[in-house]
Ligand code: CTP
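Residue numbers (the working numbering): 61 to 466.
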């Protein structure tokens, strides 16, 4: 229920992408929002108001001349009630009309009449690739951005017309994620955040290896929350099958050694490093190039181990971290005595903030509880979804960042 309490005016202008708006409307309602749909006449050629009414549970507004509105001013009433107006799809023609301040039908009229300081306008462009790249269209969207609208991205791919390129409307789930992110405070705007997540996999031979039960969910949630907070985010992920959060740069790695190399590279430009990865402590000293076979005698292979590099401790000891330009946050997965272990680990890894959690209680789950330990003491973040905790942690990090990271 990420949008509980939010009232969204969903505007549809004319385009094939209107078929996606039905699904988007459904997702908004499922996320807890109330939705008022407004359609241009062209939009009603692509999808019927009946469908949108059924999905939103409200009569769709299609005309400024509808006598059913007591004061006959739907363009004023609807815009005043909204927490945001989202135009999806926003056609090239509709953008042109908005950019020039036209108001000859109810949707553009409502957008022009909206209180700009309190009701944000989000536009989800949808059009053929030639129309999208046309200088006139680009000029119009640049103008709309300058006028205070928030222009969402477009997708790349095959288009309804049969051509391939940029200009597809984002998928409904992407629109939903972007809208949810839009409402989050931009606590890390202009910052670069590096997150390590998931397990590592240490090869024994080409078909076997040693790994652990980390799901990567907490790290992925932190990457998402940091991105929602406006940061440029790089996520260095061990082998997990999770979807990459919107707008996050993902670097897939397998072993601890590969994870260290990727983290060292991306830490160069980062102002925050959050180490959530469950890095294997040891790797097999001499992984075999060939599959190790049974020889029939019942003899078992002997594996020798060497210690893996400690990624967090390495980055925390780097010049950038020591000068205060890189703020390092460690995680501790413990089974007992959380405060004592987290406090000791914070000192041992030499990081300003250490986040403790009870490992067995959270592995693979969608919720967790955290204990934040810094120089001032410990703060509990009670059990909640990993995304909710990630947002609280991002706020806690933002509030602790030294000036040198700005
Ligand atoms: N970590 C790391 N590289 C390693 C081991 C751990 O970056 N080789 C990071 C983890 O991502 C986490 C923190 O260090 O942020 C704590 O890891 P943990 O394995 O819990 O601690 P250890 O130092 O291994 O201590 P112990 O096994 O005794 O609990």
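The beta-carbon is built from N, C-alpha and C at its ideal position, and this holds for glycine as well.
Residue environment, residue i, which counts as buried when at least 16 other CB atoms sit within 10 Å
| i | result |
| --- | --- |
| residue 164 | exposed |
| residue 288 | buried |
| residue 364 | exposed |
| residue 468 | With the chain represented from 61 up to 466, any question about residue 468 goes unanswered, as that position is not in the structure. |
| residue 258 | buried |
| residue 94 | buried |
| residue 341 | exposed |
| residue 279 | buried |
| residue 216 | exposed |
| residue 262 | buried |
| residue 376 | buried |
| residue 100 | buried |
Span of the alpha helix (DSSP H) around residue i
| i | result |
| --- | --- |
| residue 130 | Looking at the DSSP string, residue 130 is not in any alpha helix (DSSP H), and its letter there is neither H nor E. |
| residue 200 | 195-206 |
| residue 282 | 277-288 |
| residue 357 | Neither: residue 357 is in no alpha helix (DSSP H) and is coded neither H nor E. |
| residue 321 | 316-327 |
| residue 351 | From DSSP, residue 351 is part of no alpha helix (DSSP H); its letter is neither H nor E. |
| residue 377 | From DSSP, residue 377 is part of no alpha helix (DSSP H); its letter is neither H nor E. |
Host beta strand (DSSP E) of residue i (start-end)
| i | result |
| --- | --- |
| residue 249 | First-last for residue 249: undefined, no H or E at that position. |
| residue 172 | Premise fails: residue 172 lies in the alpha helix (DSSP H), 166-173, not in any beta strand (DSSP E). |
| residue 149 | 144-150 |
| residue 185 | 181-185 |
| residue 72 | 67-72 |
Beta-carbon contacts of residue i that lie in its chain and below 8 Å, excluding the five residues immediately before and after
| i | result |
| --- | --- |
| residue 426 | 277, 445 and 446 |
| residue 221 | 188 |
| residue 191 | 152, 197 and 227 |
| residue 177 | none |
| residue 331 | 251, 252, 253, 385, 386, 387, 461, 465 and 466 |
| residue 92 | 61, 62, 63, 64, 65 and 66 |
Helix, strand or coil at residue i [DSSP, three-state]
| i | result |
| --- | --- |
| residue 362 | coil |
| residue 468 | As displayed, the chain neither begins before 61 nor continues past 466, which places residue 468 out of reach and without an answer. |
| residue 107 | coil |
| residue 265 | strand |
| residue 419 | helix |
| residue 96 | strand |
| residue 311 | strand |
| residue 122 | coil |
| residue 137 | helix |
| residue 396 | coil |
| residue 300 | coil |
| residue 153 | helix |
| residue 427 | strand |
| residue 76 | coil |
| residue 232 | helix |
| residue 101 | helix |
| residue 112 | helix |
| residue 470 | Summary: the structure shown does not reach residue 470, with the chain confined to residues 61 through 466, and so no result is reported for it. |
| residue 86 | helix |
| residue 63 | coil |
| residue 162 | coil |
| residue 176 | coil |
| residue 91 | coil |
| residue 450 | helix |
Closer than 8 Å to chain C by CB, residue i
| i | result |
| --- | --- |
| residue 122 | This model lacks chain C altogether; it includes just one protein chain. |
Paired residues, beta bridge with residue i - DSSP
| i | result |
| --- | --- |
| residue 342 | 367 |
| residue 224 | 218 |
| residue 294 | 254 and 309 |
| residue 387 | 332 |
| residue 473 | The question about residue 473 has no answer, for the chain in this structure spans 61 to 466. |
| residue 211 | 183 |
| residue 270 | 262 |
Same chain, Cβ closer than 6 Å to residue i, neighbours up to 5 away in sequence not counted
| i | result |
| --- | --- |
| residue 273 | 423 |
| residue 283 | 255, 293, 295, 305 and 308 |
| residue 352 | 265 and 361 |
| residue 369 | 320 |
Close Cβ partners of residue i (< 7 Å) along its chain, the five nearest in sequence each way excluded
| i | result |
| --- | --- |
| residue 172 | 161 and 163 |
| residue 310 | 295, 297 and 304 |
| residue 248 | 286, 289, 290, 291, 454 and 458 |
| residue 329 | 252 |
| residue 157 | 168 |
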